[in-house]
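These notes are about the structure you will find just below.
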Amino acid sequence: MKVLWVERLTDEATWWRHVQQRRARSGIWKVIHALASLRLALALLVVLAVACAVATLVEDRMDGAVARALIYRSPWFRGWLILLCVNLFCVTLTRWPWRARHIGFVLTHYGIILLLAGAWIGSEMGFEGFVTLRKNGAGVDRVWLKERVLRIAAPSGTLYETAFPVDVWRPSHARPKVVPLPEGREKLTLDDYLEAAILQPRLLPSNDPKGAPGMELRLQSQMAGQLSLLLYQGDPKFQSQSLGGIAEIVWGNPEEEVGKKVLHESWMVFASEAPVTYPHDRFYSGCRVRLKIEANGDNPEVEVESATGVRSSWPVSLLREKPQLFPAGRVLVELLGYWPRFAMEKGRPQNLAGGPLHPAALVRLSWLQQGQERPLRPTLYLWPTTNASVQYEVIRSSGERCRGEIQPGATCPLGWADWSLTLVRLYPHAVVEESVERAPAPTRLGQTFEAIHARVFAKTGPATWEGWLLPGQPVQVASSPGHNYTIQWQFRHRELPFRVRLLDFEVPREEGGEIPSDFVSTLQFEDPQGHQVVGKAKMNHPATFPGGWWRSVLGRNYKFSQSGWNPQDLNESVLQVLFDPGWPLKWLGSLGICLGIALMFYWKPRGRREGHNTADPKGNQLPVGVAKASNCGGKT
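Letter by letter, the sequence shown follows residues 509 to 1144 in the working numbering.
Below, the structure written as structure tokens:
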């Protein structure tokens, strides 16, 4: 087919005649014009708009993972986008050879194609993950994605991984999910899912003479109902229980701890304000700490007063040199910091140069447990004396203590409002078994977890294994003698080509308040060659690695942004990790769309400014529709 170049098409009539002749004579161009149909484009856009609207509703009512799996990442949706790109590309071909007035039209259409291509590359080759780092902890080289997978270690040691988005494929008894186990004839059947589950412990008698003792308790209140608890000496997890954070139940005799444990208490004291106290080990020392200073700020002293009224004081200069012993109660007094002009900067106490006189000191008290300390909250101690009775000691919030003995089946008042204690059972030798159960409605979110019920079936016969899969916990499954699998349900992870560790984490506060103004993570990156780079990740200012402007332009670096923090532990920082190799195409596409639209609306070639000739070379006037089509960049 003979090609006519732009310079040969001297007027609109010739260009239009060439397009029509090319379309009539060539089957390829007929297909191109069919794919460039305006009706096809409208149909594609309507379907995509409806799909996106449905996805928005699904995302709002269910979860973003469901919308991604059912719509955004479904084969039909991606096929529809590919067909839209083909339509856009064919539309630009129907205008070939392009003239000056087509520049904005072509840029806009190719910009949309580049934008969609960049989004597809970012979705397939990039990722968005999260990593939790601890200050001065070991470096990590992997991040966790918000995608659930089943990881199965076959008997040969080979590791297999299959996607299992539980939000989309929620298993049930009516609709179980079956996963064939590799390297065997067994199959894994997932037939139940608990969104909020708890581990319910049960205390059972043990025939092992070396088994540790245990007891079942029931606490009752007319206002708060009843609460069942267990104490078990053989597991630290069950040696103490919390009564809703307002009281504690502890296994053990408090007198046995006397003189064996060092207790600590911190005091932040001010010259003109009330102090702040923090007991580190559930017990108060009973002492009071004050900061005394003259009006001009000279001769600051730290004074400690015991519960009986005995006082001692030391100059700050002496406490700076070495800790001092407070004779009353044998308490060691340490000065951890002193600030004549105290101010909070970046979440830390600072001495503000030139600021007003505002003395403050941080003092720590340390002493051996004496058995008479007032606990942070009311505490109940229980310990068996024989196989048939239990001794108890109740410490009330006032510090008052009460002792007694209780037998199985008996009830005694605790003195905590109207609470009473019943010793349900006492086992000289016991064992604790935990089972997965659905959490009751009022259970707090942080105390629950997800769980999937699974069974393993051989080719024929009943299930050879049955149990629950908990997030991140591997389960050993023996499907047959000598044929063992390890199954784990967890988040998918991605390896990083470098290691990253947290050097420091700061939480600056608003001036004069406790509201965080920023979060700053100081990170150290180390590549395989051992080269180290330090960067800072702040709110809206991510740290990037590897460096270099060309990596940023090509989307070949990793961005670390501040994602979360733990107010109770400022040595921990949660970071979002973003890797998007499709970023350059997205920006180029967006630039092309904006530039193309601007050219179409605000720039006209010289020929269009002077007016177009709507007659053919022989002087005959073209039809109105042809003249309009030849004078615009729209679809035909």
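For glycine and all other residues, C-beta sits at the position ideal for the given N, C-alpha and C.
TODO: Mind reading off the beta-carbon distance from leucine 1078 to glycine 645? Whole number of angstroms is fine, and I expect it under 8 angstroms.
DONE: As a first step, residue 1078 must be located in the sequence shown, where it is residue number 570. As a first step, residue 645 must be located in the sequence shown, where it is residue number 137. Their Cβ separation, rounded to whole angstroms, is 14 angstroms, which puts leucine 1078 and glycine 645 out of contact at 8 angstroms.
- [ ] Give a yes or no on whether the C-beta atoms belonging to leucine 698 and proline 673 are separated by under 7 angstroms.
- [x] Residue numbering aside, residue 698 sits at position 190 when the sequence shown is read from its first letter. Residue numbering aside, residue 673 sits at position 165 when the sequence shown is read from its first letter. Contact: no.
Open item on the list: Can you check which of these residues, Pro1054, Ala1045, Phe1027, is closest to glutamate 1037 by C-alpha distance?
Closed with: Your numbering for residue 1037 matches position 529 in the sequence shown. Reading the sequence as shown, one finds glutamine at residue 1037 and not glutamate. Cα-wise, what sits closest to glutamine 1037 is Pro1054.
Task: Contact under 7 angstroms by Cβ, serine 1029 with serine 1081 - done: Walking along the sequence shown from the start, residue 1029 turns up at place 521. Walking along the sequence shown from the start, residue 1081 turns up at place 573. Taking 7 angstroms as the Cβ cut-off, serine 1029 and serine 1081 qualify as a contacting pair.
TODO: Spatial neighbours of alanine 544 within its chain, please: CB distance less than 6 angstroms, with the 5 preceding and 5 following residues excluded, ordered by chain position.
DONE: Here residue 544 refers to the residue found at position 36 when the sequence shown is read from its first residue. Counting only Cβ-Cβ distances below 6 angstroms, and skipping sequence neighbours, we find Cys598, Val599, Thr602.
TODO: Would you mind stating whether tyrosine 846 and alanine 869 have Cβ atoms separated by less than 7 angstroms?
DONE: For this step, residue 846 is matched to residue 338 along the sequence shown. For this step, residue 869 is matched to residue 361 along the sequence shown. Between tyrosine 846 and alanine 869, the gap from beta carbon to beta carbon is short of 7 angstroms.
Open item on the list: So, with DSSP's three-state summary, where would you put serine 664?
Closed with: Working through the sequence shown from its first residue, we reach residue 664 at position 156. Three-state DSSP puts serine 664 in coil, outside helix and strand.
Open item on the list: Only counting the same chain, and skipping five residues up and downstream in sequence, which positions put a Cβ closer than 6 angstroms to that of arginine 525?
Closed with: The count along the sequence shown starts at 1 and reaches residue 525 at position 17. None.
Task: Range covered by the alpha helix (DSSP H) that runs through leucine 1107 - done: The count along the sequence shown starts at 1 and reaches residue 1107 at position 599. Taken as a continuous stretch (DSSP letters only), the alpha helix (DSSP H) holding leucine 1107 covers 1091-1110.
Open item on the list: On the DSSP bridge list, what partners appear for cysteine 910?
Closed with: Indexing the sequence shown from 1 puts residue 910 at position 402. In DSSP, cysteine 910 forms a bridge with Val902.
- [ ] Could you work out which residue in Glu842, Ser582, Val558, Val614 is closest to leucine 1103 when comparing CA atoms only?
- [x] As a first step, residue 1103 must be located in the sequence shown, where it is residue number 595. The shortest C-alpha separation from leucine 1103 is found at Val614.
Task: Length of the line joining the Cα atoms of cysteine 593 and alanine 557 - done: Reading the sequence shown from its first residue, position 85 is the one you call residue 593. Reading the sequence shown from its first residue, position 49 is the one you call residue 557. If you draw a straight line from the Cα of cysteine 593 to the Cα of alanine 557, it is about 15 angstroms long.
Task: Separation of glycine 1043 from phenylalanine 1013, as counted between CA atoms - done: Position 505 of the sequence shown, counted from the start, is the residue given in the question as residue 1013. Position 535 of the sequence shown, counted from the start, is the residue given in the question as residue 1043. Rounded to whole angstroms, phenylalanine 1013 and glycine 1043 show a C-alpha spacing of 12 angstroms.
Open item on the list: Whole angstroms are fine: how far does the CA of alanine 625 sit from the CA of glutamate 691?
Closed with: Reading the sequence shown from its first residue, position 183 is the one you call residue 691. Reading the sequence shown from its first residue, position 117 is the one you call residue 625. One Cα belongs to glutamate 691, the other to alanine 625, and the distance between them is close to 39 angstroms.
Task: Per-residue burial, isoleucine 590 [other beta carbons within 10 Å of its own, 16 or more giving buried] - done: By one-based count along the sequence shown, residue 590 stands at place 82. Label assigned to isoleucine 590: exposed.
Task: arginine 838 in three-state terms, based on DSSP - done: Here residue 838 refers to the residue found at position 330 when the sequence shown is read from its first residue. Here arginine 838 sits in coil by DSSP.
Task: Helix, strand or coil at histidine 617 [DSSP, three-state] - done: Locating residue 617 in the sequence shown gives position 109, counting from the first residue. Of the three classes helix, strand and coil, the one that applies to histidine 617 here is helix, per DSSP.
Open item on the list: With H, G and I counted as helix, E and B as strand and the rest as coil, what does DSSP make of serine 1025?
Closed with: One-based indexing of the sequence shown puts residue 1025 at position 517. DSSP places serine 1025 in coil when its eight states are reduced to three.
Open item on the list: At a threshold of 6 angstroms, does leucine 799 count as lining the ligand MG (C-beta to nearest heavy atom)?
Closed with: The model on display carries no ligand, and the ligand MG is accordingly not part of it.
- [ ] Flag this pair as yes or no: are the beta carbons of leucine 548 and asparagine 595 separated by less than 7 angstroms?
- [x] In the sequence shown, the residue the question calls residue 548 occupies position 40. In the sequence shown, the residue the question calls residue 595 occupies position 87. A contact, by the Cβ cut-off of 7 angstroms.
Task: Pairwise C-alpha distance: tyrosine 900 and glutamine 728 - done: The residue you call residue 728 lines up with position 220 of the sequence shown. The residue you call residue 900 lines up with position 392 of the sequence shown. Their Cα atoms are separated by approximately 17 angstroms.
Task: First and last residue of the uninterrupted alpha helix (DSSP H) at phenylalanine 597 - done: Reading the sequence shown from its first residue, position 89 is the one you call residue 597. It spans 583-602 - the alpha helix (DSSP H) in which phenylalanine 597 sits, taken as one unbroken run.
TODO: Decide yes or no for the touch test of the region 897-912 against the region 796-805: beta carbon pairs closer than 8 angstroms, at least 3 of them.
DONE: The region 796-805 and the region 897-912 do not touch, with fewer than three beta-carbon pairs separated by less than 8 angstroms.
- [ ] Would you mind working out which of His961, Glu1018, Glu773, Val797 sits nearest alanine 782, comparing C-alpha positions?
- [x] Against the sequence shown, residue 782 aligns to sequence position 274. Distance from the Cα of alanine 782 is smallest, within the candidate group His961, Glu1018, Glu773, Val797, for Val797.
Open item on the list: Quick check: the Cα distance between proline 1050 and phenylalanine 1068, rounded to an integer number of angstroms?
Closed with: Translated into the one-based positions of the sequence shown, residue 1050 becomes position 542. Translated into the one-based positions of the sequence shown, residue 1068 becomes position 560. Roughly 5 angstroms between the two C-alpha positions.
Open item on the list: Taking a contact to mean a Cβ-Cβ separation below 7 angstroms, would you say phenylalanine 1033 touches phenylalanine 1006 in this structure?
Closed with: As a first step, residue 1033 is located in the sequence shown; it is residue number 525 there, counting from the start. As a first step, residue 1006 is located in the sequence shown; it is residue number 498 there, counting from the start. Yes. Within cutoff.
Task: Rounded C-alpha distance that separates leucine 978 from glycine 912 - done: Translated into positions along the sequence shown, residue 978 becomes position 470. Translated into positions along the sequence shown, residue 912 becomes position 404. Just so you know, the alpha carbons of leucine 978 and glycine 912 end up roughly 42 angstroms apart.
Open item on the list: Once DSSP output is grouped into helix, strand and coil, what is the label at arginine 525?
Closed with: Taking the sequence shown and counting its residues from 1, the one referred to as residue 525 is at position 17. Arginine 525: helix per DSSP, three-state reduction.
TODO: Assign glutamate 1014 to one of three DSSP states: helix, strand, or coil.
DONE: Numbered from its first residue, the sequence shown carries residue 1014 at position 506. DSSP places glutamate 1014 in strand when its eight states are reduced to three.
Open item on the list: Does leucine 550 come out as helix, strand or coil in the three-state DSSP assignment?
Closed with: Mapped onto the sequence shown, residue 550 falls at position 42. DSSP places leucine 550 in helix when its eight states are reduced to three.
Task: Cβ neighbour criterion (16 or more within 10 Å) applied to serine 793 - done: Position 285 of the sequence shown holds residue 793. The C-beta of serine 793 has 16 or more other C-beta atoms within 10 Å across all chains shown, which makes the residue buried.
TODO: Along the beta strand (DSSP E) that carries valine 932, what are the first and last residues, could you check?
DONE: Counting from 1 along the sequence shown, the entry for residue 932 is found at position 424. Here the beta strand (DSSP E) through valine 932 covers 928-935.
TODO: Keeping to the same chain, check which residues put their C-beta closer than 7 angstroms to that of glutamine 528; ignore five residues upstream and five downstream.
DONE: Position 20 of the sequence shown holds residue 528. There are no such residues.
Open item on the list: Classify glutamate 945: buried if its beta carbon has 16 or more other beta carbons within 10 angstroms, exposed otherwise.
Closed with: Reading the sequence shown from its first residue, position 437 is the one you call residue 945. So glutamate 945 ends up on the exposed side.
- [ ] May I ask you to list the residues that DSSP assigns as paired with glutamine 708?
- [x] Here residue 708 refers to the residue found at position 200 of the sequence shown. In DSSP, glutamine 708 forms a bridge with Ser943.
TODO: Let me know the secondary structure DSSP gives cysteine 920 once reduced to three states.
DONE: Stepping through the sequence shown from its first residue, residue 920 is reached at position 412. Strand at cysteine 920.
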